[in-house]
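In my numbering, the protein residues as written are 1 to 399. Cβ coordinates follow ideal geometry from the N, Cα and C atoms, glycine included. Bear in mind the structure is a predicted one, so any value in this text is a computation, not a measurement. In what follows, a single structure is set out as structure tokens and then discussed.
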């Protein structure tokens with residue numbers, strides 16, 4: 001597998017994919033710019049997962065009862081090293097949302113407790129807090145962040161007054177889903193710590209996109225997905241917990257009861273563990289694709305693609321390049337910022353074999369592009385043409 005040189009200026013490596021589309025199972029002719037939503041799994045890692053499934057099926061009773069616990073512990077070791085923590089602080093979970101739900105379930109939150117989030121947060125997390133408000137009487141507080149944002153200081157200044165007021169918990173994204181913005185999480189955690197407020201970081205998009213050091217960030221809890229930018233088979237994420245934090249317990253108590261964190265997460269009934277067991281191979285695949293150089297290349301490609309799209313549409317992104325990774329969210333001029341318009345644009349783009357995310361946010365309509373090893377800059381001309389045609393059709397009412 002090729003090694004990718006570091007990105008410098010207008011690097012020619014952006015003009016060709018690192019792992020072309022035939023390394024994946026994507027439909028022929030499809031331009032896939034929605035990696036941040038649902039990552040395609042490389043054929044090589046599909047085969048790894050298949051081999052684990054075959055091994056399990058050769059004697060499922062023996063594997064699950066005698067071998068699985070240790071294999072899951074082994075899988076967590078390289079992942080912990082990759083994200084910057086120790087294996088005794090990291091549990092494997094199905095996805096970031098389930099990790100967040102697990103942390104919330106273990107906290108003694110009750111009537112009137114303020115739980116802070118931001119206006120750029122993920123909708124599923126907002127829904128979890130709405131349900132907690134119904135069941136426990138907590139008080140969700142959504143801090144309005146600017147959009148567009150021009151500087152990390154704006155984020156800190158927006159959060160400071162609510163942190164000064166006090167809260168039982170702050171949930172903050174490392175990379176925001178709707179706006180593709182990298183938030184200054186280490187600085188946010190420091191602000192919260194000074195005020196005695198624990199922090200849960202939603203790092204869904206960080207592993208495999210950003211250089212990640214969970215322990216250095218210093219949050220009480222950090223969740224991240226392995227089935228996004230690391231391209232691992234779906235249903236694979238981690239929950240990291242600092243030593244001083246409330247230790248999470250799995251929401252399903254099973255045969256590892258009493259063994260503590262993270263061991264209790266390794267035995268939770270009968271599950272298909274093949275995706276978790278594939279994590280070491282996904283990390284190896286990521287490194288053979290270039291590792292840090294691949295991450296830099298993907299970020300550079302997203303920035304170059306966004307520049308072209310913005311120039312063609314006369315538009316702008318939600319955040320500067322210094323606050324973006326391998327995603328960019330771009331305003332679509334001329335269309336209303338409604339769910340109906342987003343859905344209509346999304347479906348129109350299917351006619352052009354373009355897959356990306358359409359986002360109604362802050363009274364405007366946006367498109368979010370995500371770039372990975374199979375993408376290249378020459379694809380963007382077709383994407384621009386598709387956006388212009390689809391937008392034009394919607395503005396004129398063409399059918």
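Can you tell me whether residue i is buried or exposed? The criterion is at least 16 other CB atoms within 10 Å of its CB, across all chains shown.
i: residue 281; result: buried
i: residue 289; result: buried
i: residue 49; result: buried
i: residue 203; result: buried
i: residue 9; result: Confidence at residue 9 is low in this model, with a pLDDT of 39, below 50, so the placement of that residue should be treated as unreliable; the coordinate-derived value is given next. The residue is exposed, with fewer than 16 neighbouring Cβ atoms inside 10 Å.
i: residue 323; result: buried
i: residue 218; result: buried
i: residue 338; result: exposed
i: residue 319; result: buried
i: residue 264; result: buried
i: residue 70; result: exposed
i: residue 388; result: exposed
i: residue 108; result: exposed
Among the options, which residue has its Cα nearest to the Cα of residue i?
i: residue 325; options: 296, 341, 353, 351; result: 296
i: residue 367; options: 305, 322, 374, 373; result: 305
i: residue 182; options: 206, 392, 394; result: 206
i: residue 85; options: 213, 59, 255; result: 213
i: residue 81; options: 279, 59, 165, 158; result: 279
i: residue 392; options: 270, 210, 15, 313; result: 313
i: residue 355; options: 301, 51, 71, 27; result: 27
i: residue 300; options: 137, 225, 377; result: 377
i: residue 79; options: 90, 15, 397; result: 90
i: residue 287; options: 168, 211, 387, 174; result: 211
i: residue 40; options: 55, 141, 228; result: 228
i: residue 134; options: 147, 112, 148; result: 112
i: residue 241; options: 108, 260, 233; result: 260
i: residue 15; options: 375, 59, 233, 60; result: 375
i: residue 383; options: 19, 33, 66, 129; result: 33
i: residue 233; options: 128, 46, 243, 389; result: 46
i: residue 307; options: 95, 381, 130, 94; result: 381
i: residue 250; options: 244, 243, 262; result: 262
i: residue 131; options: 101, 94, 95; result: 101
i: residue 225; options: 173, 94, 244, 58; result: 94
i: residue 60; options: 128, 271, 298, 108; result: 271
i: residue 42; options: 311, 285, 397, 66; result: 285
i: residue 17; options: 66, 172, 298; result: 298
Take residue i and list the residues in its own chain whose beta-carbon comes closer than 8 Å to its own, dropping the five residues that flank it on each side.
i: residue 163; result: 116, 170, 191, 192, 195, 197
i: residue 401; result: Absent from the model: residue 401. The displayed extent of the chain is 1 to 399, so no value can be given.
i: residue 165; result: 114
i: residue 395; result: 334, 335
i: residue 186; result: 216, 217, 218
i: residue 141; result: 114, 115, 116, 117, 162, 167
i: residue 63; result: 55, 56
i: residue 365; result: 331, 332, 335, 336, 337, 338, 341, 342, 345, 358, 359
i: residue 147; result: 119, 120, 179, 318, 361, 362
i: residue 243; result: 89
i: residue 390; result: 345, 348, 349, 351, 352
Can you find the residues in the same chain that come closer than 6 Å, C-beta to C-beta, to residue i, ignoring five residues on each side of it along the sequence?
i: residue 3; result: Since pLDDT at residue 3 reaches only 38, below the 50 mark, its modelled position is unreliable, and no value is offered.
i: residue 321; result: 303
i: residue 103; result: 200, 221, 248
i: residue 77; result: 87
i: residue 283; result: 78, 82
i: residue 360; result: 337, 338, 339, 342
i: residue 177; result: 122
i: residue 397; result: none
Does the separation of the CB atoms of residue i and residue j fall below 7 Å?
i: residue 330; j: residue 317; result: yes
i: residue 145; j: residue 118; result: yes
i: residue 239; j: residue 208; result: no
i: residue 68; j: residue 273; result: yes
i: residue 370; j: residue 327; result: yes
i: residue 106; j: residue 246; result: yes
i: residue 150; j: residue 124; result: no
i: residue 35; j: residue 372; result: yes
i: residue 99; j: residue 223; result: yes
i: residue 357; j: residue 44; result: no
i: residue 175; j: residue 158; result: no
i: residue 379; j: residue 31; result: yes
i: residue 110; j: residue 136; result: yes
Excluding the 5 residues preceding and the 5 following residue i in the sequence, name in chain order all residues of the same chain whose CB lies nearer than 7 Å to its CB.
i: residue 184; result: 152, 155, 156
i: residue 5; result: Reliability of the predicted coordinates at residue 5 is poor, the pLDDT of 41 falling under 50, and the value obtained from them is presented with this limitation in mind. Excluding residues within five positions, the ones whose Cβ falls inside 7 Å are 13, 293.
i: residue 254; result: 267, 268, 269
i: residue 276; result: 72, 75, 92, 236
i: residue 386; result: 349, 352, 354
i: residue 51; result: none
i: residue 189; result: 199, 217, 218, 219
i: residue 19; result: 42, 289, 373, 374
field: Inter-stretch contact at 8 Å, needing at least 3 Cβ pairs: the segment 22-30 / the segment 340-349
entry: no
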